[in-house]
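Residue numbers (the numbering used here): 22 to 168.
Built from N, CA and C at the ideal position, the CB exists for glycine as well.
These numbers were taken from a predicted model, which means no experiment stands behind them.
I have placed the structure first, in the form of structure tokens, so that the comments after it can refer back to it.
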């Protein structure tokens, strides 16, 4: 991963899953689900590497926010380039909302009934299902932020 600057006052967000590249876009800001809390990144951000948890990546283009459901992974900020590496991620239009809701219901039941070792896996499935539901629910509802 190279230290680059876009030269445009914007960020370049590259999001790569193990099997494909999902995004390579210019944007104004990126928020990723860091293990210790959300990380907000703006142009000129200090270089960093961090571990990510299941959740949502939000990137802003002008006044419009876009979302991606993310499995855990890593983020690197170098110059004005934000690179996210993950096992899997899904764009809103790729998510079957009904299937995600069914997965969440099943995972909730597994969490309730699971023994300690199985509980961790069930909880992880629940968190991913909830992120998928949140992202899929936003299709056609891009949020326009006030000035």
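| Item | Value |
| --- | --- |
| Beta-bridge pairing of residue 59 - partner residues as DSSP gives them | 54 |
| Touching by the beta-carbon criterion (3+ pairs, under 8 Å), the segment 101–108 and the segment 128–135 | no |
| Contact between the segment 83–90 and the segment 60–70 (3+ Cβ pairs under 8 Å) | no |
| Distance CB(residue 71)-CB(residue 149) smaller than 9 Å | no |
| Continuous beta strand (DSSP E) stretch holding residue 129: start and end | No beta strand (DSSP E) holds residue 129; the alpha helix (DSSP H) holding it covers 118–134. |
| Between the CA atoms of residue 41 and residue 51 - distance to the nearest angstrom | 20 Å |
| Check whether residue 121 and residue 160 have beta carbons under 9 Å apart | no |
| Length of the line joining the Cα atoms of residue 156 and residue 114 | 9 Å |
| Under the three-state DSSP convention, the category residue 156 falls into | helix |
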